[in-house]
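The structure appears right after this line, and notes come after that.
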Amino acid sequence: MAEAAEREPADPRRSLLAAGLIGVGVTAAVDEIVFHQLLAWHHFFDRSTSAVALFSDGLLHSAELIILVLGFFMLADVRARRALARSSAWAGFFIGAGGFQLFDGIVDHKVLRLHQVRYVDNLLPYDLAWNGAGLLLLAVGFVLLRRARAERAPGR
110 MAEAAEREPA DPRRSLLAAG LIGVGVTAAV DEIVFHQLLA WHHFFDRSTS AVALFSDGLL
170 HSAELIILVL GFFMLADVRA RRALARSSAW AGFFIGAGGF QLFDGIVDHK VLRLHQVRYV
230 DNLLPYDLAW NGAGLLLLAV GFVLLRRARA ERAPGR
């Protein structure tokens, strides 16, 4: 009973934000590792020399690590306070992952034209797969968020 008295109320917003940052960081890491390094399909900035492209990948990797560390510190804080709202955290993870994917696909690829998914004649299948994956992740996140909010609704 003493343990229940020490427990803070769940903090769904902080749980959502912490896991959202982790989702952004994980998706950026997958992009960096798989598409930049293993497959060598593109770099973060492909419109210059290979040295600039490699440097831009290093900047992306640094930002991704900072975001991951920040997200995990925030998550550790919420857990230490025993205020983790797991449903909100999972929603945040998928929203962060999908948000990064879609931002990269639309803003980085099409608006700013920093790079493409892959340099081939027909980009459409790659763009559809890239952005479709982002939309799917976002949809999962928003469904989970809706469920999390319904669980917290008065009368439940």
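So for the sequence shown, the numbering used here puts the first residue at 110; every next one is plus one.
Just so it is clear, CB atoms sit at the ideal spot from N, CA and C, and this is done for glycine as well.
Taking a C-beta distance under 9 Å as the contact criterion, I131 and G180 qualify as a contact pair. Counting of Cβ neighbours within 10 angstroms places P118 among the exposed residues, the total staying below 16. Taking the CA atoms as reference points, T136 sits about 12 Å from A172. Taking one beta carbon from each stretch, the segment 202-217 and the segment 237-253 have 3 or more pairs nearer than 8 Å; the two touch. Considering only S197, E141 and L125, the residue with the shortest C-alpha distance to L168 is E141.
Following the DSSP letters along the chain, one finds E173 inside the alpha helix (DSSP H) bounded by residues S159 to A189.
Look at Y228 here: in three-state DSSP terms it is coil, with no helix or strand label. Per the C-alpha coordinates, the member of P234, H224 and W199 positioned closest to R255 is W199. Secondary structure note for I215: it is in no alpha helix (DSSP H), with a DSSP letter that is neither H nor E.
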